[in-house]
Amino acid sequence: MWRGVSLLPQFPKEIPAFSVNRACASSNQAVTAAHDQIAFGHADVILAGGVESLSDVPILASRRLATNHFTGWGYWIWFIPLKDGITSVGAVVWPYYMKNRDKPLREYFLETIARCPALQARLANAELVAEPEATGNYSYSCDRCQGDNYVMLGDAFAFVDPVFSSGVMLAMNSAFAGVEVVEARLAADRVAEARARKRFDHVMRHGPKEFSWFIYRVTNPTMRDLFMSPSDRMDMKKALLSVLAGDIFGDTPIRRGLRLFKAAYYVFSLVHLRRTVAAWRRRAFNIRDDSEMRLSRS
Ligand SMILES: Cc1cc2nc3c(=O)[nH]c(=O)nc-3n(C[C@H](O)[C@H](O)[C@H](O)COP(=O)(O)OP(=O)(O)OC[C@H]3O[C@@H](n4cnc5c(N)ncnc54)[C@H](O)[C@@H]3O)c2cc1C
Numbered sequence: 000m001w002r003g004v005s006l007l008p009q010f011p012k013e014i015p016a017f018s019v020n021r022a023c024a025s026s027n028q029a030v031t032a033a034h035d036q037i038a039f040g041h042a043d044v045i046l047a048g049g050v051e052s053l054s055d056v057p058i059l060a061s062r063r064l065a066t067n068h069f070t071g072w073g074y075w076i077w078f079i080p081l082k083d084g085i086t087s088v089g090a091v092v093w094p095y096y097m098k099n100r101d102k103p104l105r106e107y108f109l110e111t112i113a114r115c116p117a118l119q120a121r122l123a124n125a126e127l128v129a130e131p132e133a134t135g136n137y138s139y140s141c142d143r144c145q146g147d148n149y150v151m152l153g154d155a156f157a158f159v160d161p162v163f164s165s166g167v168m169l170a171m172n173s174a175f176a177g178v179e180v181v182e183a184r185l186a187a188d189r190v191a192e193a194r195a196r197k198r199f200d201h202v203m204r205h206g207p208k209e210f211s212w213f214i215y216r217v218t219n220p221t222m223r224d225l226f227m228s229p230s231d232r233m234d235m236k237k238a239l240l241s242v243l244a245g246d247i248f249g250d251t252p253i254r255r256g257l258r259l260f261k262a263a264y265y266v267f268s269l270v271h272l273r274r275t276v277a278a279w280r281r282r283a284f285n286i287r288d289d290s291e292m293r294l295s296r297s
């Protein structure tokens, strides 16, 4: 069973689990290993399976061809290799940057890529295979996630900036929690339904909230420093990795490490007070809804 699946709240975390990672036939390997464990009497029941990964094969060969995020103050750009040499590239920028677009979108997009020399170099020989598109009000969340006869799963309730690739994990978790509500409702078990609804509400709000703290700060210079010089002092790195891996609904003891990481962020922000204030001012300027202002490029 894939290690990530074993971390879902439905499973006790003591269940031993591992991932098989091969370019081909991982699921066959997983099932064979499971068979052996049972044959040797080491286990009674094993869940084994696989997912399609052949289309990701180049990722195993070169990090340069893997999904990459390029960040700078006020923007981040995704670089996701798809099939047949096609790569998805998109930029998430401050609203003011888009509102001040003074040229056709195609040129603006290329200019945005040029803000990040490492990415520009990687795309030097690339050509656009489709016209860029732009959208606003990218992230959202609803006030309520359920009602008498419905639950709102995944993006139906909230969408957060995908910088940490959290969307599918959050949607899957919401489905697990939502099923409990539906099951209790169908069984006409009011007590179980009330409990399931409470849990569902928690799952729906907790996930986006946990990720949002990092999303709001991810392009900030202090956060960048912390990410670029990771330290596992007082389990901070472990806690951070747990969050980014989506292990936020179980009992893994990450609260302390996470609190310390956040405290370290605020301490470093104070230590670099001048930079923090400048960054805060620049952000406030660039997210303001004021069409009279000019674009800040400093
Ligand atoms: C640019 C971008 C990059 C992303 N990168 C990642 C990433 O790397 N990792 C990650 O985990 N997440 C990522 N996400 C987020 C992720 O895609 C979503 O959070 C996730 O797909 C949500 O799943 P969902 O089932 O709630 O919604 P969806 O995947 O949107 O599924 C909803 C489905 O319902 C269908 N539908 C809509 N209306 C109707 C209707 N009236 N009748 C019938 N069907 C209907 C839609 O066609 C769609 O197929 C990214 C999102 C974006 C926009």
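According to numbering that gives the first Met the number 0, the residues represented by the sequence shown are 0 to 297, in order. C-beta: ideal position from N, C-alpha, C; glycine also. Model, not experiment: these values are computed from the prediction.
Taking non-hydrogen atoms of ligand 1 into account, the C-beta of Val276 is found less than 8 Å away from none of them.
Three or more Cβ pairs closer than 8 Å define a contact, and the region 141 to 153 meets that threshold against the region 161 to 176. Leu169 is not a Cβ neighbour of Gly146, given a cutoff of 9 Å. About 22 Å separates the Cβ atoms of Val190 and Phe248, ruling out a contact at the 8 Å cut-off.
Between the alpha carbons of Arg114 and Trp72 lies a gap of roughly 11 Å. Under the three-state reduction of DSSP, His41 is assigned to coil, being neither helix nor strand. Put simply, the region 222 to 239 touches the region 249 to 262. At least three CB pairs are less than 8 Å apart. For Tyr74, the enclosing beta strand (DSSP E) begins and ends at 74 to 80. Annotation for Phe226: no beta strand (DSSP E) segment contains it, though the alpha helix (DSSP H) segment containing it runs 220 to 227. The C-beta of Ser138 has fewer than 16 other C-beta atoms within 10 Å across all chains shown, which makes the residue exposed. Distance from the CA of Pro103 to the CA of Val159, rounded to the nearest whole angstrom, comes to 27 Å.
Cα atoms of Arg204 and Phe39: separation of roughly 44 Å, rounded to the nearest angstrom. Annotation for Gly177: the continuous alpha helix (DSSP H) segment containing it runs 166 to 185. Minimum Cα-Cα distance from Arg105 among the listed residues Glu126, Asp224, Glu192 corresponds to Glu126. When beta bridges are read from the DSSP output, Gln145 appears opposite Val150. If you look at Ser87, you'll find it in the beta strand (DSSP E) that goes 86 to 92. Inclusion of Trp77 in the 8 Å shell around ligand 1 follows from its C-beta lying nearer than that to a non-hydrogen atom of the ligand. The beta carbon of Val167 sits closer than 8 Å to at least one heavy atom of ligand 1. When C-alpha distances from Ile286 are compared across Ile45, Pro94, Asn124, the shortest belongs to Pro94. Under the three-state reduction of DSSP output, Ala117 falls in the helix class. Tyr139 has Phe158 as its beta-bridge partners, per DSSP. Annotation: the continuous alpha helix (DSSP H) that includes His205 extends over 189 to 216. Under a 10 Å Cβ-count criterion, Ile14 is classified as exposed, with fewer than 16 other Cβ atoms of the shown protein chains found around its own Cβ. Under the three-state reduction of DSSP, Gly71 is assigned to strand. Around Gly177, the same chain offers Val150, Leu152, Phe199 as residues with beta carbons nearer than 7 Å, after the five sequence neighbours per side are excluded. Judged by beta-carbon spacing, Thr111 lies beyond the 9 Å limit of Val217, meaning their Cβ atoms are not closer than that value.
By the Cβ neighbour-count rule, Asp101 is exposed, with fewer than 16 other Cβ atoms within 10 Å of its own.
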